[in-house]
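Asks: Dropping the structure in here first, questions after.
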Amino acid sequence: QQQVRQSPQSLTVWEGETAILNCSYEDSTFNYFPWYQQFPGEGPALLISIRSVSDKKEDGRFTIFFNKREKKLSLHITDSQPGDSATYFCAASASNNRIFFGDGTQLVVKP
Amino acid sequence: DTTVKQNPRYKLARVGKPVNLICSQTMNHDTMYWYQKKPNQAPKLLLFYYDKILNREADTFEKFQSSRPNNSFCSLYIGSAGLEYSAMYLCASSRGTGETGNTLYFGEGSRLIVV
C-alpha cells in the first residue's frame, strides 16, 4: 500500500503562473512532511517542509498548505520560473527515521 | 560540505551476478539510507542504518544486504541480480536521532542495469 500519493503526475505552467502540486497520505501518525526537488542528473534536495502542528509554511515563492483532517497537503509555487522545472516529491515520516515518498510531480515551466 | 557520494554512477550487471554499490558522506551523520527509484515511481525505502543498527524493510528483507564499516561509508549488496533490480539506487544521510524533521541529503544515485 502506497503511503504517500501525489497528483498530477506532470504539470505544465507558463512563467509567472502559480503551480499547485497535491499530496495525500494514509498514515495518521505521520507528523513531518518535507518536499524534495530533483533536477535531472542530481539527487533530490530538500525544498521546504512542514510539521503537522502547522497548517501553512511559506518560504519565498514556495508555500505548503496542510489539512490534517483530510490528510492532504499542497505545494504552491507562485510566479513560476523556468528554473523551477524539476520533479517534486512529497514525503512523510513519523518518529522512527522511516521517510516515505510519493511518485513525484514533474513540473515544466514554459517561458 | 553536504556532499553524499555514490560509486559507481553506472553499473551494468549480468543476471545472477552480485552487485555492490558504495555510498560515503563526510557530515558525520548518524543515519544512512538506501532507496530504490524506478521511472515514474516513488523512491522506495530499502533499508537504513542508524549508527550501527541496520533496519531493513519487510518486503525487501531478503533481497538486499548492507554493511556500514564506519560512520562515513555504507554499501548496498545484491547477491544475485535479477532483471527487476534494474533501477536508480539513491543513498541518503541524515543527522538522525530518532526524531523527525531531519533533512535527507542525497547522492546523485547509482544507475543499475541488469541484463
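Protein sequence lines, in the order shown, are assigned to chains H and X. All the letters of the first sequence, read from the start, carry residue numbers 8 to 118 under the numbering used here. All the letters of the second sequence, read from the start, carry residue numbers 93 to 207 under the numbering used here. Each residue gets a CB set at the ideal place from its N, CA and C atoms; glycine is no exception.
1. Between the stretch 61-75 of chain H and the stretch 95-112 of chain X, do three or more beta carbon pairs fall short of 8 angstroms?
2. Of the residues that make up the stretch 97-109 of chain H, which ones have a beta carbon closer than 9 angstroms to any beta carbon in chain X?
3. Going by the C-beta, is Thr118 (chain X) closer than 6 angstroms to any heavy atom of the ligand COA?
4. Tell me which residues share the same chain as Val115 (chain H) and place their Cβ nearer than 6 angstroms to its Cβ, disregarding the 5 neighbours each side in the sequence.
5. My assumption, with CB atoms under 8 angstroms, is that Ser100 (chain H) sits in contact with Phe46 (chain H). Please give the rounded CB distance.
6. Based on Cα-Cα distance, which residue from H:Tyr39, H:Gly23, H:Tyr32, H:Leu53 lies nearest to Gln13 (chain H)?
7. Return helix, strand or coil for Asp91 (chain H), following the three-state DSSP convention.
8. Going by C-alpha distance, which of H:Ile27, H:Trp21, H:Pro15, H:Glu22 is nearest Ile84 (chain H)?
9. Can you list the residues of chain H that Thr195 (chain X) reaches, using a CB-CB cut of under 7 angstroms?
10. In the DSSP output, which residue or residues are listed as bridge partners for Lys144 (chain X)?
11. I believe Phe96 (chain H) touches Tyr43 (chain H) by the beta-carbon criterion, under 8 angstroms. Please report the beta-carbon distance rounded to the nearest angstrom.
12. So the candidates are X:Leu139, X:Lys144, X:Val111; which of them puts its Cα closest to the Cα of Phe153 (chain X)?
13. Report the neighbours of Glu33 (chain H) on chain X: residues whose CB is nearer than 8 angstroms to its CB, in chain order.
14. According to the neighbour-count rule (16 or more other Cβ atoms, all chains shown, within 10 Å of its Cβ), is Trp21 (chain H) buried or exposed?
15. Quick one: is Phe165 (chain X) near chain H, going by C-beta distance under 7 angstroms?
Replies: So, to answer that:
1. no
2. Ala98, Ser100, Ala101, Ser102, Asn103, Asn104, Arg105, Ile106, Phe107, Phe108, Gly109
3. Among the ligands in the structure shown, none appear at all, so the ligand COA cannot be discussed.
4. Within the same chain, Val115 (chain H) has close Cβ partners Thr19, Ser92.
5. Between Phe46 (chain H) and Ser100 (chain H) the Cβ distance is about 23 angstroms, and since that is not below 8 angstroms, they are no contact.
6. H:Tyr32
7. helix
8. H:Ile27
9. Leu53, listed in chain order.
10. Its beta-bridge partners do not exist; DSSP assigns none.
11. About 4 angstroms separates the two Cβ atoms, so the contact holds.
12. X:Leu139
13. In chain order: nothing, as chain X lies at least about 13 angstroms away.
14. Its Cβ having fewer than 16 others within 10 Å, Trp21 (chain H) is exposed.
15. no
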